[in-house]
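Comments concern the structure below.
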Amino acid sequence: MKKIQMVDLKGQYKDIKEKINGSFEEILDSTAFINGPEVQNFQKELEDYLGVKHVIPCANGTDALQIAMMGLGLKPGDEVITADFTFAATVEVIALLQLTPVLVDVEPDTFNIDPEAIKKAITPKTKAIVPVHLFGQAANMDAIMEIAKEHDLFVIEDNAQAIGGNYHSKAGQVYKTGTMGDVAATSFFPSKNLGCYGDGGAIYTNNDELAHTIRGIVNHGMYERYHHDVVGVNSRLDSLQAAVLRAKLPNLNQYNEARRKAADKYDKAFEDQAEIEIPKRQGNRDAHVFHQYTLKITNGKRDALAKHLQEKNIPFGIYYPIPLHLQKAYADERYNEADFPVTNKLVKEVISLPMHTELDDEQINFIAGTIVDFMNRK
Ligand SMILES: *Cc1c(COP(=O)(O)O)cnc(C)c1O
1 MKKIQMVDLK
11 GQYKDIKEKI
21 NGSFEEILDS
31 TAFINGPEVQ
41 NFQKELEDYL
51 GVKHVIPCAN
61 GTDALQIAMM
71 GLGLKPGDEV
81 ITADFTFAAT
91 VEVIALLQLT
101 PVLVDVEPDT
111 FNIDPEAIKK
121 AITPKTKAIV
131 PVHLFGQAAN
141 MDAIMEIAKE
151 HDLFVIEDNA
161 QAIGGNYHSK
171 AGQVYKTGTM
181 GDVAATSFFP
191 SKNLGCYGDG
201 GAIYTNNDEL
211 AHTIRGIVNH
221 GMYERYHHDV
231 VGVNSRLDSL
241 QAAVLRAKLP
251 NLNQYNEARR
261 KAADKYDKAF
271 EDQAEIEIPK
281 RQGNRDAHVF
291 HQYTLKITNG
301 KRDALAKHLQ
311 EKNIPFGIYY
321 PIPLHLQKAY
331 ADERYNEADF
341 PVTNKLVKEV
351 ISLPMHTELD
361 DEQINFIAGT
371 IVDFMNRK
């Protein structure tokens, strides 16, 4: 059996090696390392893929979130509601901009922000909601957009984990994740579903004015050379990373389908296990891109299982082990433990299994078999 990796980027590279190496050589020869044609071409290709008017590439996903919030003109003291169960980047940028993060509970089956909890957290100071499409599946955007409309709030989609996924609205429309709110942020970190070979990110929006504002912010607040109209940042995607992304983008649907196929096999292997809950899919097959395949172990043995997997050399991840509202950096006396029943429980139950485009049946059977055996030990 091939060695099992949590994330395996080698197989993908082998298939696109000639394309990538060729582009790298051209870029090295041209020395157009920054703002070269690769970046502009990638931007257009991603706009076409997503069906969105504007993509603004930037240096990483965390920057993308920060810049999106800067672009919307959010001011210190404005309250921004986001999920308690996510990667810290989401709440980090809210705090860095001196906005007030308001963490709320998530849904037990999808792991995504709970619209009812959003409603309860709204105050006159609330300005924005940041749904995170966690583990590869969109949050409940029908409900979130309705709440945002009613209370006149911005919606910033954290699409770092769900690029390429579709959202099927109640009205029967199909949207790519990240194209429903006012603006979205994504990450091209190597292990993401569309990853480059270093750091990268992008912001996207259908709003022309916001896109213009953001294009200046990513470039030191310049709209005209050496005229700095607003305080900006330096956040660029470089040409080499853009070339990697251009080689991979045409394969993104196929990569996501390979992840879904692995998820199908895991699902099947665990279907009869009473104490293992498989990840919930919201109906349509294309709605989940399985950035992570995350189980809930409901018999209190998650940590024992993790130890067992470690002994068997099977990689796994605990995403996330601590709710954000209990992290030192984000603790706040306004929070009440009774408001986070789901997150507080999830952190004890979740375990993510190896998930990537290169998993083969032998590996999946070994991983699933090891888990099922462990769970049925007397
Ligand atoms: C990866 C990730 C980010 C940050 O992306 P970077 O490119 O690592 O800065 C933000 N939010 C979520 C949910 C992520 O998974």
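If you're matching positions, the sequence shown starts at 1 in the UniProt record's numbering and goes up one per residue.
Where is the CB? At the ideal position from N, CA and C, for every residue including glycine.
Thinking C-beta only, is residue j closer than 8 Å to residue i?
{"i": "V231", "j": "N256", "result": "no"}
{"i": "T186", "j": "G61", "result": "yes"}
{"i": "D109", "j": "D84", "result": "no"}
{"i": "K265", "j": "I163", "result": "no"}
{"i": "F189", "j": "Q292", "result": "no"}
{"i": "Q43", "j": "V52", "result": "no"}
{"i": "L295", "j": "I351", "result": "yes"}
{"i": "A138", "j": "I113", "result": "no"}
{"i": "Q273", "j": "M375", "result": "yes"}
{"i": "T79", "j": "T123", "result": "The identity of residue 79 in the sequence shown is Glu, whereas the question assumes Thr. For E79 and T123, yes; Cβs fall inside 8 Å."}
{"i": "V347", "j": "I322", "result": "yes"}
{"i": "Q173", "j": "K192", "result": "no"}
{"i": "Y335", "j": "L103", "result": "yes"}
{"i": "E45", "j": "R215", "result": "no"}
{"i": "M6", "j": "G317", "result": "yes"}
{"i": "L249", "j": "P57", "result": "no"}
{"i": "T370", "j": "L326", "result": "no"}
{"i": "R281", "j": "E349", "result": "no"}
{"i": "I156", "j": "I118", "result": "no"}
{"i": "P115", "j": "A143", "result": "yes"}
Taking 8 Å as the limit between beta carbons, can you name the residues of its chain near residue i, skipping five residues before and five after?
{"i": "F154", "result": "L72, L74, K127, A128, I129, A148, G181, D182, V183"}
{"i": "T86", "result": "V132, L134, D158, Y320, L324"}
{"i": "E337", "result": "N344"}
{"i": "H212", "result": "Y223"}
{"i": "M1", "result": "E362, Q363, F366"}
{"i": "A360", "result": "It should be pointed out that residue 360 corresponds to Asp in this sequence rather than to Ala. K2."}
{"i": "N41", "result": "A242, R246"}
{"i": "residue 385", "result": "Outside the shown range of the chain (1 to 378) lies residue 385, about which nothing can therefore be said."}
Got a sec? Which residues, its chain only, sit under 6 Å from residue i by beta carbon, not counting five neighbours each side?
{"i": "D286", "result": "N166"}
{"i": "E358", "result": "D8, G11"}
{"i": "Y330", "result": "V91, L324"}
{"i": "C196", "result": "F188, Q241, V244, L245"}
{"i": "A279", "result": "The question names Ala, yet the displayed sequence has Pro at residue 279. Here the set comprises T294."}
{"i": "M141", "result": "Y167, M180"}
DSSP on residue i, reduced to helix/strand/coil?
{"i": "L99", "result": "coil"}
{"i": "N193", "result": "coil"}
{"i": "M180", "result": "coil"}
{"i": "H54", "result": "strand"}
{"i": "residue 382", "result": "For residue 382 there is no data in the structure shown, the boundaries of the chain being 1 and 378."}
{"i": "M141", "result": "helix"}
{"i": "G11", "result": "helix"}
{"i": "L153", "result": "coil"}
{"i": "E333", "result": "coil"}
{"i": "I364", "result": "helix"}
{"i": "T186", "result": "strand"}
{"i": "K307", "result": "helix"}
{"i": "K280", "result": "coil"}
{"i": "Y175", "result": "strand"}
{"i": "M222", "result": "strand"}
{"i": "E79", "result": "strand"}
{"i": "V233", "result": "coil"}
{"i": "A59", "result": "coil"}
{"i": "G136", "result": "helix"}
{"i": "A88", "result": "coil"}
In its own chain, which residues sit with a C-beta less than 7 Å from the C-beta of residue i, not counting the 5 before and 5 after it?
{"i": "M368", "result": "Checking the displayed sequence, the identity of residue 368 turns out to be Ala instead of Met. Here the set comprises Y266, A269, F270."}
{"i": "A243", "result": "I20, S23, F24, I27, E38"}
{"i": "D339", "result": "D105"}
{"i": "N253", "result": "G164"}
{"i": "A258", "result": "T357"}
{"i": "D15", "result": "none"}
Mind reading off the beta-carbon distance from residue i to residue j? Whole number of angstroms is fine, and I expect it under 8 Å.
{"i": "Y204", "j": "L50", "result": "6 Å"}
{"i": "G200", "j": "Q241", "result": "4 Å"}
{"i": "G221", "j": "D208", "result": "Rounded, the Cβ-Cβ distance is 19 Å, inconsistent with contact."}
{"i": "S235", "j": "I67", "result": "6 Å"}
{"i": "E275", "j": "T298", "result": "5 Å"}
{"i": "E107", "j": "V342", "result": "7 Å"}
{"i": "A202", "j": "A64", "result": "6 Å"}
Taking 7 Å as the line, does the beta carbon of residue i fall inside it for any heavy atom of ligand 2?
{"i": "S23", "result": "Absent from the structure shown: ligand 2. Ligands present: ligand 1."}
* Are three or more beta carbon pairs between the segment 69-77 and the segment 115-132 nearer than 8 Å? -> Segments in contact, yes.
* Touch test, the segment 37-45 against the segment 266-280, Cβ-Cβ under 8 Å, three pairs minimum -> Touching, no, given that fewer than three Cβ pairs across the two stretches are closer than 8 Å.
* So, do the segment 18-29 and the segment 92-100 have three or more beta carbon pairs nearer to each other than 8 Å? -> Short answer: they don't touch.
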